[in-house]
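Here the working numbering is used: the sequence shown runs in plain steps of one and ends on residue 369. No residue lacks a Cβ here, since even glycine has one placed at the ideal position from N, Cα and C. What follows is a set of notes on a single structure, which appears directly below.
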Amino acid sequence: MKITLLLQSNLNLTIMKKLLYLLSIVLVFACGSDDPTPATTDYTDPTSETTDFNVTGTVADQTPAEAKKIIYGKWDLSGTQRVTANSCSFNFIEFTDDMFIMSFIVNGEPITFSGAYVLNEDSDGTVSSVDLNLDLEGTQTTVATLTDVVVTETDDTLSATFNIALNIPEGYEYYEICNGLDGDYECDKEEPMEESTTSAEGSNHDKLIRTWNFVSRYQFNEDVSDEWYEDTCIIENEDGEEDTYIEDCTAATAISISISAYGTYTFTWTGSNQGVKTETDIWRWSDDTQTAFLVGQDEIVISIETLTETSAVFTEDDEYYEGDDDLITYTFSAN
Numbered sequence: 035m036k037i038t039l040l041l042q043s044n045l046n047l048t049i050m051k052k053l054l055y056l057l058s059i060v061l062v063f064a065c066g067s068d069d070p071t072p073a074t075t076d077y078t079d080p081t082s083e084t085t086d087f088n089v090t091g092t093v094a095d096q097t098p099a100e101a102k103k104i105i106y107g108k109w110d111l112s113g114t115q116r117v118t119a120n121s122c123s124f125n126f127i128e129f130t131d132d133m134f135i136m137s138f139i140v141n142g143e144p145i146t147f148s149g150a151y152v153l154n155e156d157s158d159g160t161v162s163s164v165d166l167n168l169d170l171e172g173t174q175t176t177v178a179t180l181t182d183v184v185v186t187e188t189d190d191t192l193s194a195t196f197n198i199a200l201n202i203p204e205g206y207e208y209y210e211i212c213n214g215l216d217g218d219y220e221c222d223k224e225e226p227m228e229e230s231t232t233s234a235e236g237s238n239h240d241k242l243i244r245t246w247n248f249v250s251r252y253q254f255n256e257d258v259s260d261e262w263y264e265d266t267c268i269i270e271n272e273d274g275e276e277d278t279y280i281e282d283c284t285a286a287t288a289i290s291i292s293i294s295a296y297g298t299y300t301f302t303w304t305g306s307n308q309g310v311k312t313e314t315d316i317w318r319w320s321d322d323t324q325t326a327f328l329v330g331q332d333e334i335v336i337s338i339e340t341l342t343e344t345s346a347v348f349t350e351d352d353e354y355y356e357g358d359d360d361l362i363t364y365t366f367s368a369n
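Structure, rendered in structure tokens:
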């Protein structure tokens, strides 16, 4: 199942076309511990290739490289009791190496957006704050700022405290109501996928965990990439009604997929005059061979044809057609 979240679009944009849609943190909220271990600077050696999922510390005492290790991961905010008058609450925030995924629950429906985050530095080179930015028609716009971020460990559980100030722009009506969630929070960090701690360096799991840039989509020997870019302009209607094309809409100019070590995938469209569109769901390996993975609650099978640290080719069997030519082939690149 894929949940389509389009800034400036109707929340009734429910379940989008079945596609490859892979992959989705503001930290911390209502699940603190009694006697937290004092904050430490237990960060990983910056030269290490192995991800440490249990880094603790006070972000304000760290350089950007060290602070990134502290905030990395998925932080469960669903336990927080704070809700706006218009019924918006936090769901989770996740930080990967190069992006954030922030999820809310608005009137009972999950809505999500993602973008780049910036670790702002003080004059002494330590981190003063973390800005969460959206790419709105080519302009980086800060929609949230985190300060006073501290991560501690108690009884093998990592938790974080922080302050968040939201600044979602006017006009994004389904997100703007969440601006009232400003304040201090505390909550726990989720556990990574088992494969994230057991897979060897150079394994398919190791190579898959990153942000991928969409290159092309082929079916029936035809390039159908444009259809994907135009998804930002389409409202899928329920009950078999014809889809609605948004008048004067411009298609997205870039698409990326972030596949995370915490079992989240996030698909992001940017460059459209409709704003940023994000779809997020879960993923897992189909078996121990790590040659195919399953996406969403429907567990759509995505097969790996080729995979390196900088390029990937995936295929998906189109359930609406039969025969050898029904495969959808996706090509991605990574920096």
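To which residues does DSSP link S292 through a beta bridge?
T245, T300
Nearest-angstrom Cα separation, counted from C267 out to C65
Per-residue confidence for C65 stands at a pLDDT of 38, beneath the threshold of 50, marking its modelled position as unreliable; the derived number appears in the next sentence. Spanning the two alpha carbons is a distance of roughly 39 Å.
Tell me which residue opens and which closes the beta strand (DSSP E) that I105 is part of.
Note, I105: premise wrong, no beta strand (DSSP E); alpha helix (DSSP H) at 98-105.
Whole-angstrom Cβ separation of K241 and E171, contact assumed at under 8 Å?
K241 to E171, Cβ: 33 Å. No contact.
Can we say the stretch 153-171 touches the stretch 91-99, given the rule of at least three CB pairs closer than 8 Å?
yes
Return the chain-ordered ranges of every alpha helix (DSSP H) run that is complete within the stretch 171-238 and spans a minimum of 4 residues.
207-210, 228-232
R244: buried (16+ other C-beta within 10 angstroms of its C-beta) or exposed?
buried
According to DSSP, C122 sits in a beta bridge with which residue or residues?
V140
Considering only C-alpha positions, which residue in the set S121, E235, G142, G149 is nearest to E210?
S121
From T114, G107, T90, T284, pick the residue whose C-alpha is nearest to that of W262; which is it?
T284
The beta strand (DSSP E) spanning D260 covers which residue range?
Careful: D260 lies outside any beta strand (DSSP E), inside the alpha helix (DSSP H) at 259-263.
Rounded to whole angstroms, what's the CA-CA distance from T232 to N88? Just pull it up for me.
15 Å
Helix, strand or coil for A94, going by three-state DSSP, please let me know.
helix
Looking at the secondary structure, which residues open and close the beta strand (DSSP E) in which R318 lies?
311-319
Select from A326, E270, N271, Q331 the residue whose C-alpha is nearest the C-alpha of E339.
A326
Tell me the DSSP secondary structure of T266 in three-state form.
helix
DSSP state of D110 mapped onto helix, strand, coil:
strand
Does the stretch 160-175 come within contact of the stretch 141-151, defined as at least 3 CB pairs closer than 8 Å?
yes
Does DSSP put T71 in a helix, a strand or coil?
In this prediction, T71 has a pLDDT of 37, which is less than 50 and means its spatial position is unreliable; what the coordinates show is noted afterwards. Reduced to three states, the DSSP call for T71 is coil.
Buried or exposed by the 16-neighbour rule on C-beta atoms within 10 Å, applied to R251:
buried
Helix or strand or just coil, what does DSSP make of D360?
helix
Should F129 go down as buried or exposed, given a rule of 16 or more other Cβ atoms within 10 Å for buried?
buried
So the beta strand (DSSP E) V152 belongs to, where does it begin and stop?
151-155
What are the boundary residues of the beta strand (DSSP E) that T349 is part of?
345-351
Which class does D240 belong to by DSSP, given the choice of helix, strand or coil?
helix
As assigned by DSSP and simplified to three states, the class of S58:
Caution is warranted here: a pLDDT of 36 is assigned to S58, below 50, making its placement in the model unreliable, and the coordinate value is therefore given only provisionally. Note: S58 maps to coil in three-state DSSP.
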